[in-house]
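First comes the structure, then the notes that go with it.
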Amino acid sequence: MDLFRKYLTGPQEGAQPTGADTVERLCDRVQSSTLIDDRRDAVRALKSLSRKFRLEVGAQAMGILIGILQTDRTDAEIVGYALDTLCNVLSTEPADDEDEAETAPQLPEDIGSQFTEMFVKEQENVVILLSLLEEYDFHIRWPTVRLLTMLLANRSKEIQDIILSSPMGVSKLMDLLSDSREIIRNDGLLLLIQLTRGSTNIQKIVAFENAFERLLSIISEEGDSDGGIVVEDCFLLLLNLLKNNSSNQNFFKEGSYIQRLPAFFELPPPDKTSEGWSAQKVTNIHLMLQLVRTMVSPNNPMQQTTLSQKVMHNCGLLEKLCNILMASGVPADVLTETINTVSEVIRGSQGNQEYFASVLAPSNPPRPAIVVLLMSMVNEKQPFVLRCAVLYCFQSFLYKNELGQSQIIQTLLPSTAEVNTISAGQLLCGGLFSSDSLSTWFAAVALLHAMVDNVSQKEQLLRVQLATSLGNPPVSLLQQCTNILAQGGKVQTRMGLLMLLCHWLSHCPITVTHFLNNNANVPFLISQISSSEGDEMELVIQGLCAFLLGLCVLYNQDQVQGNEKAYLRQIIEKRIGVEQFTDKLTQVSKHESYSRAAKRPEMNYKRANEVFFDYEFTRLFRGLENEVLKAVSPSQDNEVEDNKRKVALDQHESIVKQFQDLIREQDGQLNSLRAELSESQGKISEADSKLEEFLNQVQQLKDQNALLKAQRGQSSLFFSLLSNALVFSQVAVAHKVRVMSRNCKLKRAAEIEKLRSQLMAGNTEDTANTAILSERNALSLKVAELEEELSERAKEKSKLQDDFTALDQKALDQEKSEVEIEKMELQTELDSTKKEQEDLLVLLADQDTKLSSYKTKLKDLGQNITDDEDDDLDDDDDEDDD
1 MDLFRKYLTG
11 PQEGAQPTGA
21 DTVERLCDRV
31 QSSTLIDDRR
41 DAVRALKSLS
51 RKFRLEVGAQ
61 AMGILIGILQ
71 TDRTDAEIVG
81 YALDTLCNVL
91 STEPADDEDE
101 AETAPQLPED
111 IGSQFTEMFV
121 KEQENVVILL
131 SLLEEYDFHI
141 RWPTVRLLTM
151 LLANRSKEIQ
161 DIILSSPMGV
171 SKLMDLLSDS
181 REIIRNDGLL
191 LLIQLTRGST
201 NIQKIVAFEN
211 AFERLLSIIS
221 EEGDSDGGIV
231 VEDCFLLLLN
241 LLKNNSSNQN
251 FFKEGSYIQR
261 LPAFFELPPP
271 DKTSEGWSAQ
281 KVTNIHLMLQ
291 LVRTMVSPNN
301 PMQQTTLSQK
311 VMHNCGLLEK
321 LCNILMASGV
331 PADVLTETIN
341 TVSEVIRGSQ
351 GNQEYFASVL
361 APSNPPRPAI
371 VVLLMSMVNE
381 KQPFVLRCAV
391 LYCFQSFLYK
401 NELGQSQIIQ
411 TLLPSTAEVN
421 TISAGQLLCG
431 GLFSSDSLST
441 WFAAVALLHA
451 MVDNVSQKEQ
461 LLRVQLATSL
471 GNPPVSLLQQ
481 CTNILAQGGK
491 VQTRMGLLML
501 LCHWLSHCPI
511 TVTHFLNNNA
521 NVPFLISQIS
531 SSEGDEMELV
541 IQGLCAFLLG
551 LCVLYNQDQV
561 QGNEKAYLRQ
571 IIEKRIGVEQ
581 FTDKLTQVSK
591 HESYSRAAKR
601 PEMNYKRANE
611 VFFDYEFTRL
621 FRGLENEVLK
631 AVSPSQDNEV
641 EDNKRKVALD
651 QHESIVKQFQ
661 DLIREQDGQL
671 NSLRAELSES
681 QGKISEADSK
691 LEEFLNQVQQ
701 LKDQNALLKA
711 QRGQSSLFFS
721 LLSNALVFSQ
731 VAVAHKVRVM
741 SRNCKLKRAA
751 EIEKLRSQLM
761 AGNTEDTANT
771 AILSERNALS
781 LKVAELEEEL
791 SERAKEKSKL
801 QDDFTALDQK
811 ALDQEKSEVE
821 IEKMELQTEL
831 DSTKKEQEDL
841 LVLLADQDTK
851 LSSYKTKLKD
861 LGQNITDDED
871 DDLDDDDDED
881 DD
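No gaps in the numbering here: position 321 of the sequence shown is 321 in full-length UniProt numbering, and each next residue is one more.
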């Protein structure tokens with residue numbers, strides 16, 4: 001408040017009223033007047049004073065104006081005046097009128113931010129503004145949009161939090177894009193641009209409020225790339241929504257919005273190309289290209305980038321970009337950005353890389369687009385940023401593209417050379433040995449990328465022969481590179497050649513052998529590393545020489561006499577010193593240009609003197625630096641012991657591998673036996689159930705036979721024989737179970753004995769190696785465990801034998817069928833016996849009937865029949881029945 005008191009001190013007696021006095025009277029009038037017209041006039045007066053007396057109006061009238069937004073909301077005019085006044089107070093822009101600027105007192109530059117802080121302290125004030133957006137009246141809605149935009153510009157984080165916490169806050173702002181009044185729609189775009197900066201949550205909400213559809217529709221209505229500033233604002237908002245926001249990028253891709261982008265890259269007809277490109281069109285194209293790059297940036301998740309690249313190819317967007325690439329009359333900055341965009345669209349995508357390789361430039365004769373781009377890269381007259389973009393495109397074309405690498409290397413080989421044609425290999429060789437140091441650097445890095453993670457192409461490159469001068473024999477490309485390096489030259493030339501050689505020698509012992517065959521190479525590197533003179537970049541070059549020499553030690557297979565690994569290590573220790581070697585090597589990663597190149601694959605340089613390191617080289621150096629230091633350390637001197645240890649280790653590993661194979665085979669056999677046992681148990685369970693069913697049937701037959709015994713004594717003999725037959729069958733089954741168990745046990749014992757014999761044979765082969773003995777002891781324990789497990793299985797089988805459950809399925813079925821036949825015969829016998837008994841009962845019944853009739857007749861004839869005679873007759877009947 002001291003700041004406000006400084007500018008708001010009251011007037012002296014007899015002096016003219018100051019601006020503060022006038023503002024104070026107007027504020028009193030607004031507060032005390034009961035008529036709306038009086039208050040409206042007072043607010044209008046405050047608005048007119050708010051530019052010249054900004055501090056006074058802000059300090060005294062801000063709270064009053066906020067109150068008007070609540071109490072007089074039904075009067076659109078007074079609310080509009082209040083909003084305009086607040087906009088003037090909170091604005092951070094200088095006064096437009098020169099007269100006002102001269103007469104207005106000098107205020108602090110952050111006065112607008114201070115008033116914004118006072119306004120935002122009460123969150124309800126921002127909520128009031130959001131509610132005013134619902135009003136359709138132009139005098140309310142437009143100044144509200146402007147005021148919210150100013151608040152976001154001054155205090156973005158606080159306003160974003162308030163809007164997020166307000167119900168439907170973002171939705172109310174998104175409705176501005178649908179307003180039919182262009183000025184409100186356009187200012188609504190500016191408001192949303194401020195709102196979406198740095199807030200991922202708001203970006204997601206805006207995207208799911210159908211922002212992509214609305215923005216792309218506005219761009220189409222405004223004329224796509226030929227549109228005005230509105231198209232630029234739409235793309236700025238789209239970039240805010242998509243940059244570093246994987247969720248929105250995925251939504252943009254899945255919503256098929258990428259398929260609508262090719263229409264934005266339509267080239268003008270040939271008859272209108274002479275009209276040139278307006279500044280606004282160039283800006284719009286730049287933003288469109290940035291939008292495409294946002295979707296395929298190397299910093300995005302790999303899967304998401306791959307899917308976006310595929311969609312861009314399928315929908316024809318890559319084709320449109322290549323058309324711009326090969327078109328004439330395209331401004332240099334647009335062409336540069338297009339090359340960078342194509343680079344990231346094809347980077348790591350095999351299908352896109354193949355398509356790009358097939359693109360031809362409209363020349364006579366037609367040349368591949370890659371060749372045309374390389375011609376620009378090695379041409380020192382081309383703009384520097386354009387040459388960097390071409391190199392980035394070439395690197396992206398070769399990234400994870402073994403076929404492309406092979407095609408480039410093949411153009412360097414003599415067998416593929418064609419007369420009167422310019423190939424990529426010729427351009428690279430020409431640039432590699434150019435007098436322009438930057439061309440040499442570009443060509444060296446381009447060749448470097450043709451060998452990344454591809455040892456076969458490194459070996460192929462050794463076949464390349466170069467004609468140095470007329471009458472002299474050709475020299476290899478490797479030899480020519482070392483010759484030029486030994487001649488000195490500019491820093492960029494030596495840096496490029498050293499990075500190329502380091503990549504060439506890494507992971508490729510054959511190249512190391514070729515390099516060491518030239519006896520001048522090692523002394524040259526030793527002299528460079530030993531030097532103590534030079535500036536900062538010279539120290540970096542010495543560090544690269546140390547790295548190259550370290551690679552000669554690391555990948556040395558002792559094929560060159562006099563340059564064996566032990567000899568080189570000894571030379572480093574005596575001529576340079578391991579400590580100095582380490583110090584020179586670590587100078588590389590400490591340089592600022594190294595750190596800058598290691599951040600991203602894209603070459604984001606403004607001046608040629610900033611180019612030193614390549615991104616892929618920094619990856620190689622970071623991965624092999626420690627390996628090189630270990631390779632040259634004195635602890636590696638005892639080469640013989642290393643070899644012996646390696647041989648002993650190999651032998652040990654071989655023996656261990658044999659036993660592992662043996663154990664693996666035995667485990668397989670054991671698993672198969674377990675499977676057979678499980679299958680047998682299943683069959684036994686099934687046989688048990690069938691046997692139990694069979695026994696139940698036999699028991700039923702026995703019960704039936706017991707009843708028949710009372711009627712026919714002859715049947716007892718038959719059932720006795722049947723019972724004996726059943727007992728005999730059970731005994732036979734038990735005998736078969738015992739035989740099967742004995743055979744299985746003998747088989748397991750034979751396998752165990754075989755394992756023991758193998759172990760004993762292994763014990764007699766080599767008893768001196770303690771490690772092997774321990775391994776064999778472990779194997780013996782494994783065999784003991786197997787024996788114990790087999791013993792348990794034998795117990796289980798013994799239990800099965802006791803329960804008569806180890807039945808062979810086929811034998812069981814045969815025995816069951818025999819029993820079934822016997823059962824049927826018995827049933828037939830029983831049926832016949834029952835029939836005979838029934839016939840006998842019928843006869844007895846007839847006889848009894850006849851006797852009764854006879855008795856009746858006798859009684860009718862007068863014959864006396866006593867009760868005893870009746871009983872005798874009954875007894876006779878019973879005896880006949882028996």
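By construction, the Cβ of each residue, glycine as well, lies at the ideal position given by its N, Cα and C atoms. Computed from a predicted model, the values in this text were never measured in an experiment.
Tell me residue i's beta-bridge partners as DSSP assigns them.
i: arginine 367; result: Ala361
i: leucine 466; result: Val475
Could you tell me if residue i is buried or exposed, where buried requires 16 or more neighbouring beta carbons within 10 angstroms of its beta carbon?
i: threonine 856; result: exposed
i: serine 50; result: buried
i: aspartate 842; result: Before going further, note that residue 842 is valine rather than aspartate in the sequence given. Label assigned to valine 842: exposed.
i: tyrosine 854; result: exposed
i: serine 343; result: buried
i: lysine 835; result: exposed
i: glutamate 182; result: exposed
i: tyrosine 399; result: buried
i: alanine 675; result: exposed
i: glutamate 825; result: exposed
i: leucine 3; result: With a pLDDT of 40 at leucine 3, under the threshold of 50, the modelled position of that residue is not reliable, and no figure is offered here.
i: isoleucine 219; result: buried
i: alanine 20; result: buried
i: alanine 520; result: exposed
Judging by CA-CA distance, which residue of the options is the nearest neighbour of residue i?
i: glycine 489; options: Ser685, Tyr605, Leu438; result: Leu438
i: methionine 288; options: Ile78, Leu239, Asp661, Val385; result: Leu239
i: serine 246; options: Ser297, Phe265, Ser278, Thr92; result: Ser297
i: serine 349; options: Val372, Leu403, Cys87; result: Leu403
i: glutamine 114; options: Glu124, Ser91, Leu215; result: Ser91
i: residue 883; options: Leu544, Arg25, Ser589, Gln837; result: Any question about residue 883 goes unanswered here, given that the chain covers just 1 to 882.
i: serine 589; options: Met537, Cys552, Ile572; result: Met537
i: methionine 295; options: Leu241, Lys157, Gln407, Val120; result: Leu241
i: glutamate 592; options: Ser832, Thr34, Asp614; result: Asp614
i: aspartate 72; options: Pro167, Glu693, Tyr392, Asp38; result: Asp38
i: leucine 462; options: Thr513, Glu319, Lys657, Pro473; result: Thr513
i: alanine 357; options: Cys393, Glu117, Val145, Trp504; result: Cys393
i: arginine 293; options: Trp277, Gln249, Ala327, Gly255; result: Gln249
i: serine 278; options: Gly228, Lys157, Ala845; result: Gly228
i: glutamate 158; options: Ser180, Pro167, Met118, Gly188; result: Met118
Going by the CB atoms, is the gap between residue j and residue i shorter than 9 Å?
i: valine 611; j: glutamine 528; result: no
i: isoleucine 140; j: alanine 42; result: no
i: leucine 261; j: isoleucine 324; result: no
i: leucine 466; j: phenylalanine 524; result: no
i: valine 371; j: alanine 424; result: yes
i: lysine 565; j: alanine 631; result: yes
i: threonine 85; j: valine 127; result: no
i: glycine 430; j: alanine 446; result: no
i: histidine 449; j: glutamine 410; result: no
i: asparagine 244; j: asparagine 299; result: yes
i: residue 896; j: cysteine 552; result: No information on residue 896 is available, as it lies outside the stretch 1 to 882 that the chain covers here.
i: glutamine 309; j: isoleucine 346; result: yes
i: tyrosine 257; j: glutamate 222; result: no
i: isoleucine 202; j: valine 170; result: yes
i: isoleucine 526; j: arginine 494; result: no
i: proline 474; j: threonine 482; result: no
Q: Count the C-beta pairs between the region 301-321 and the region 610-628 that are closer than 8 Å, then say yes if the count reaches three, no if not.
A: no
Q: Please determine if the region 382-395 and the region 598-610 are in contact, where contact requires at least 3 C-beta pairs separated by less than 8 Å.
A: The region 382-395 vs the region 598-610: in contact.
Q | Stretch-stretch touch, CB-based, cutoff 8 Å, three pairs: the region 432-452 with the region 359-370 | A | no
Q. Are there three or more Cβ pairs, one per stretch, closer than 8 Å when the region 279-288 is compared with the region 569-583?
A. no
Q) Contact between the region 502-513 and the region 545-559: three or more CB pairs below 8 Å? A) The region 502-513 makes contact with the region 545-559; the number of CB pairs closer than 8 Å reaches 3 or more.
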